[in-house]
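Residue numbers (the working numbering): 66 to 206.
One structure is given here, and the rest of the page talks about it.
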């Protein structure tokens with residue numbers, strides 16, 4: 066891409082009055098919710114594996130603490146994402162995504178393609194990026 070194309074794309078995505086990129090609340094909710102749900106479910110699945118089936122780093126005490134903490138951070142981020150969804154969208158959209166769409170996407174797509182360990186390792190940075198994103202785009206009251 067040329068710099069002219071990137072500049073034009075930036076001007077289309079930014080609000081001229083504030084210079085803040087505008088992203089639809091539905092997109093923010095869906096992306097942050099999917100990565101949070103996927104990381105939380107992957108951490109839970111790794112935690113439930115028998116000792117002989119766990120990956121090498123999960124057999125140590127520090128490895129399991131790390132997995133559990135990442136699952137907890139992902140679960141808290143999922144709650145933050147749900148609050149964002151209930152606040153900015155219709156209530157039924159957030160509710161259906163929480164109990165149907167997010168788990169189905171994780172089980173059918175993410176878990177089948179990556180497995181639990183790779184899914185947790187891939188989604189964890191995105192979960193950490195979701196926290197400031199949700200905070201930044203939270204509407205001022």
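We treat Cβ as the ideally placed atom computed from N, Cα and C, and that holds for glycine.
If we ignore side chains and look at the alpha-carbon of each, how far apart do residue 109 and residue 181 end up?
-> Cα to Cα, residue 109 sits roughly 9 Å from residue 181.
By DSSP, does residue 205 sit in helix, in strand, or in coil?
-> In this structure, residue 205 counts as coil in the three-state DSSP scheme.
How is residue 198 classed by DSSP in three states: helix, strand or coil?
-> Of the three classes helix, strand and coil, the one that applies to residue 198 here is helix, per DSSP.
Residue from 189, 199 and 198 whose Cα sits closest to the Cα of residue 138 | Put simply, of 189, 199 and 198 the residue whose alpha carbon is nearest the alpha carbon of residue 138 is 189.
Please name the residue, chosen from 150, 185 and 192, that lies closest to residue 94 on a Cα-to-Cα basis.
-> Looking at the Cα atoms, 150 is the closest of the given residues.
CB contact flag (residue 198, residue 97, <8 Å) | Here residue 198 is near residue 97, since their CB atoms are less than 8 Å apart.
Leaving out the 5 sequence neighbours to the left and right, which residues in its chain are closer than 7 Å to residue 191 when beta-carbon positions are compared?
-> The beta carbon of residue 191 lies closer than 7 Å to those of 100 in the same chain, with the five residues before and after it left out.
Give the DSSP-derived three-state secondary structure of residue 219 in the structure shown.
-> The structure shown has nothing for residue 219, since the chain only spans 66 to 206.
Spatial neighbours of residue 116 in its chain, beta-carbon cut-off 8 Å, leaving aside the 5 residues before and after | When the five nearest sequence neighbours on each side are left out, the beta carbons in the same chain lying within less than 8 Å of the beta carbon of residue 116 are those of 124, in order along the chain.
With DSSP run on the structure shown, which of helix, strand or coil describes residue 141?
-> Residue 141: helix per DSSP, three-state reduction.
Own chain, CB closer than 6 Å to residue 128, minus 5 neighbours either side, in chain order = Result list for residue 128: 122, in chain order.
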